[in-house]
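**Q**
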Amino acid sequence: MTDSAPPRRPGPVRGHSRNTTRIVVPLAAGLVLAGCGPSPVDMVEHPVTTTPSRMAGEELQRSAEPEEACAPGPVPAQFPGAGEREVSSVGPGDDRVEVPRSPERVLALGAAAVDVACALGLQDLVVGTSGLPLDADTYLPRPLVDLPVVPASDVVAPEDAAAAARDLSPDVIVLAAAEDRDPSVVRALSEVAPTVVYDSDVPDWADATEAISDAYGRPRAGGDLLLDVIDRARATDAATTPRDTQVSLLSVTGEGQDGVVVQRPDTLGSLMLEAVNARRPPAQRTRDGERVPPAPESPARGDELDGDVIFAVVGGGPRSEERAREAFGTDRWQDLDAVRARRNFVVDRAVWEGAGPVAARAVLEDITESINGIAPDG
């Protein structure tokens with residue numbers, strides 16, 4: 004028996020329609036958030052620090068608690084019972100896929116697929132993963148990160164991907180789309196279990212959250228996850244970011260003369276700064292995950308890396324510590340106003356370049372705990 008999900012209710016009440024998720028990303032577009040944050044004097048007199056570890060001599064902000072990241076128990080299945088139902092898939096392959104009404108063995112092939120399973124409390128149903136960042140254990144629990152990895156990239160032979168998946172006996176496979184995804188990989192996995200492909204572009208992470216939740220048999224709960232992120236963004240905006248503070252978001256790459264560049268606009272961290280209406284330096288302005296030119300009236304500000312506050316994204320490679328140490332030791336870095344004022348905060352790449360509601364909540368927590376504070380001595 005094949006059932007379709009009940010039609011979604013119109014209007015903004017639950018936030019579950021496709022039109023609503025377009026408003027959700029990057030969230031700020033759909034929120035009218037009022038209130039100004041503390042004054043610069045408040046920021047100096049009341050520093051906030053949560054720094055359990057260090058990176059290259061700098062305190063490393065880690066508000067995320069991996070063992071507390073996932074919901075403690077599974078969100079009840081919206082379609083309990085046996086049988087199948089149809090859900091959307093972005094392809095290649097069929098645009099509608101029949102999946103179990105209430106999956107019990109999930110193969111989550113993509114960072115967002117794992118993140119959403121965690122947020123829904125389905126971590127014990129996940130039998131394998133792929134696509135997780137190197138330091139995923141900074142915000143996801145170790146048992147989830149340590150699950151078997153199924154190679155599903157286009158450089159892997161389709162039959163090898165299928166063989167690895169078959170060993171895990173999933174009843175549904177959720178696969179991240181990739182640029183020019185080889186249809187033969189999707190076909191091979193589909194012979195193992197129903198395979199749903201979701202849009203993995205980070206600016207579309209809200210749409211992906213809904214699609215993945217639908218494949219897991221919990222579409223309404225997926226909408227609730229997004230509403231929770233909206234509420235957290237609203238609270239963060241109201242409690243923290245002053246309108247006269249320019250927030251610089253940088254990436255420590257270790258490449259080039261100084262090893263630091265302005266972070267790409269199409270990352271979760273950049274989207275969350277938009278969501279809380281953080282003001283960006285003229286050279287770093289973004290909208291919906293894309294860079295926009297400075298407004299004509301924007302005055303020049305000197306170094307494009309500088310701001311009143313700096314978030315520096317680190318990690319993601321075996322030489323991250325060394326690269327960060329070199330970058331933080333350069334004259335350019337030491338001469339930045341925010342660094343001189345000890346208003347630079349080092350954050351995890353796995354979180355700030357993540358995808359999904361768990362990573363989004365962790366980014367918002369980092370912003371809340373840091374943006375009005377002063378960095379401790381390195």
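Residue 4 is where the sequence shown starts when you use the working numbering, and the numbers rise one by one after that. Every residue gets a Cβ at the ideal spot worked out from N, C-alpha and C, and that includes glycine. Owing to the predicted nature of the structure, the values given are computational and were not obtained by experimental measurement.
Using only the alpha-carbon positions, how far apart do G38 and R267 sit?
**A** Any reading at G38 must be qualified, since the residue scores a pLDDT of 31, below 50, and its modelled position is unreliable; no value is offered.
**Q** In three-state terms, what does DSSP make of V158?
**A** DSSP places V158 in coil when its eight states are reduced to three.
**Q** DSSP three-state call for L207: helix, strand or coil?
**A** Residue 207 is actually Asp in this sequence, not Leu. Reduced to three states, the DSSP call for D207 is helix.
**Q** Would A72 pass as a contact of P144 if the rule is Cβ separation under 8 angstroms?
**A** It is a contact, given that the beta carbons lie within the stated cut-off.
**Q** Terminal residues of the continuous alpha helix (DSSP H) containing L230?
**A** Looking at the DSSP string, the run of the alpha helix (DSSP H) that includes L230 is P222 to A242.
**Q** For the alpha helix (DSSP H) containing T371, list its first residue and its last residue.
**A** T371 -> alpha helix (DSSP H) spans P360 to S373.
**Q** Out of curiosity, what's the CA-to-CA distance linking P297 and Y142?
**A** For P297 and Y142, the distance between alpha carbons rounds to 34 angstroms.
**Q** Assign A181 to one of three DSSP states: helix, strand, or coil.
**A** Here A181 sits in coil by DSSP.
**Q** Residues bridged to G131 by DSSP?
**A** G131 pairs with L110.
**Q** Taking all protein chains shown into account, do 16 or more other C-beta atoms lie within 10 angstroms of the C-beta of Q337, making it buried, or fewer, making it exposed?
**A** Q337 should be labelled exposed.
**Q** Taking T333 as the reference, give the member of E89, G318, Q260 and V265 with the closest Cα.
**A** Closest by alpha carbon: Q260.
**Q** Identify whether T212 lies in helix, strand or coil by the three-state DSSP scheme.
**A** Three-state result, T212: helix.
**Q** Determine the contact status of A114 and G359, defining contact as a CB-CB distance below 8 angstroms.
**A** Yes; because the gap between Cβ atoms is below 8 angstroms, this pair is in contact.
**Q** Since R345 and V312 should fall inside the 8 angstroms C-beta cutoff, what is the C-beta to C-beta distance between them, to a whole number of angstroms?
**A** That belief does not hold up - the Cβ atoms of R345 and V312 are roughly 11 angstroms apart, past 8 angstroms.
**Q** Give the straight-line distance between the Cα atoms of R169 and L271, rounded to the nearest whole angstrom.
**A** Answer to the nearest angstrom: the Cα atoms are 33 angstroms apart.
**Q** Going by the beta-carbon positions, is the gap between G262 and R326 smaller than 8 angstroms?
**A** It is a contact, given that the beta carbons lie within the stated cut-off.
**Q** Mapping the DSSP letters down to three states, classify T289 as helix, strand or coil.
**A** Strand.
**Q** Could you check if E213 is buried or exposed, using at least 16 other CB atoms within 10 Å of its CB as the buried criterion?
**A** So E213 ends up on the buried side.
**Q** If you check the beta carbons only, do G357 and L137 fall under 8 angstroms apart?
**A** No, the pair does not count as a contact, with Cβ atoms beyond the cut-off.
**Q** Relative to the C-alpha of V109, which candidate in A211, A120, A341 and R237 has its C-alpha closest?
**A** The shortest Cα separation from V109 among A211, A120, A341 and R237 belongs to A120.
**Q** With a 10 Å radius around its C-beta and 16 neighbouring C-beta atoms as the bar for buried, classify A341 as buried or exposed.
**A** It is buried - the Cβ of A341 has at least 16 other Cβ atoms within 10 Å.
**Q** For the 8 angstroms Cβ check, are there 3 or more pairs between the stretch 223 to 234 and the stretch 248 to 258?
**A** Verdict: no, contact absent.
**Q** DSSP state of Q249, grouped into three classes?
**A** Strand, per DSSP.
**Q** Nearest CA to the CA of V255: which residue from A180, P284, Q81 and V317?
**A** For the residues A180, P284, Q81 and V317, the minimum Cα distance to V255 belongs to V317.
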